[in-house]
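**Student:** First, the structure itself, so that you have it in front of you.
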Amino acid sequence: MKLPGPYTAGTDEIQAVIETPKNSRNKYVYDHETGGFQLKRSLPAGLVFPFDFGFVPFTLAEDGDPLDIMVLTDAPTFPGCIVKCRIIGVIKVEQEKKGENVRNDRIIGVHTQSRLFHSVNSWKKPE
-9 MKLPGPYTAG
1 TDEIQAVIET
11 PKNSRNKYVY
21 DHETGGFQLK
31 RSLPAGLVFP
41 FDFGFVPFTL
51 AEDGDPLDIM
61 VLTDAPTFPG
71 CIVKCRIIGV
81 IKVEQEKKGE
91 NVRNDRIIGV
101 HTQSRLFHSV
111 NSWKKPE
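Written out as structure tokens, the structure is:
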């Protein structure tokens, strides 16, 4: 997958590549070796992913994978969709990988053209 980079010059926008769209029961992952999307697993009946999930291309997190991102969109996208986002927060996450605890934070982004979330600037509740 060839992208011009994760950032849009002169703006606060980044690009996200969606792996798993919101409302999907299926968890997809991008396979960097084949350039395709693989079905990793399915959620139990009645459960769905609440937001689009993906990664920020050309980045590398502590776990060895690109940075993870959760994207607030008006409607589900699709695996491989490139979404321009602005970052509104980060969920700090630690996970075990090969017997060690490593950081695997989740960036929270908002689609830049969202009508529902256009005024959201932070994931924190206003005081």
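Numbering of the sequence shown is given in my numbering, commencing with residue -9 and proceeding in unit increments. Glycine included, each C-beta is placed from N, C-alpha and C at the ideal position. Just so you know, these numbers come straight off a predicted model, no measurement behind them.
Going by beta carbon distance, what residues of the same chain come within less than 6 Å of Leu106, once the five residues before and after it are set aside?
**Tutor:** Asp64
**Student:** Is there contact between the region 1 to 13 and the region 69 to 83, where contact requires at least three CB pairs shorter than 8 Å?
**Tutor:** yes
**Student:** Tell me the DSSP bridge mates of Leu50?
**Tutor:** None; Leu50 has no bridge partner.
**Student:** Closest to Val80 by CA distance: which of Gly70, Glu86, Pro69 and Arg93 is it?
**Tutor:** Arg93
**Student:** Starting from Gln85, trace the beta strand (DSSP E) in both directions and tell me its first and last residue.
**Tutor:** Glu84 to Lys87
**Student:** First and last residue of the beta strand (DSSP E) that includes His101?
**Tutor:** Arg96 to His101
**Student:** Can you look up Thr63 in the DSSP assignment and give me helix, strand or coil?
**Tutor:** coil
**Student:** For Val61 and His101, I'd like the C-alpha separation in whole angstroms.
**Tutor:** Near 7 Å, if we compare the C-alpha coordinates of His101 and Val61.
**Student:** Given a cut-off of 8 Å, decide if Thr67 and Pro11 are closer than it, judged by their beta-carbon atoms.
**Tutor:** yes
**Student:** What is the DSSP secondary structure of Leu91, reduced to helix, strand or coil?
**Tutor:** Sequence check: residue 91 is Asn here, not Leu. If DSSP states are grouped into helix, strand and coil, Asn91 belongs with the strands.
**Student:** Could you give the distance in angstroms between the alpha-carbon of Arg17 and the alpha-carbon of Leu37?
**Tutor:** According to the sequence as given, residue 17 is Lys; it is not Arg. Spanning the two alpha carbons is a distance of roughly 12 Å.
**Student:** Which residues in the same chain as Asn91 place their Cβ atom closer than 6 Å to its Cβ, once the five residues preceding and following it in sequence are excluded?
**Tutor:** Glu84
**Student:** Does the Cβ of Gly26 have 16 or more other Cβ atoms within 10 Å, making it buried, or fewer, making it exposed?
**Tutor:** The residue is exposed, with fewer than 16 neighbouring Cβ atoms inside 10 Å.
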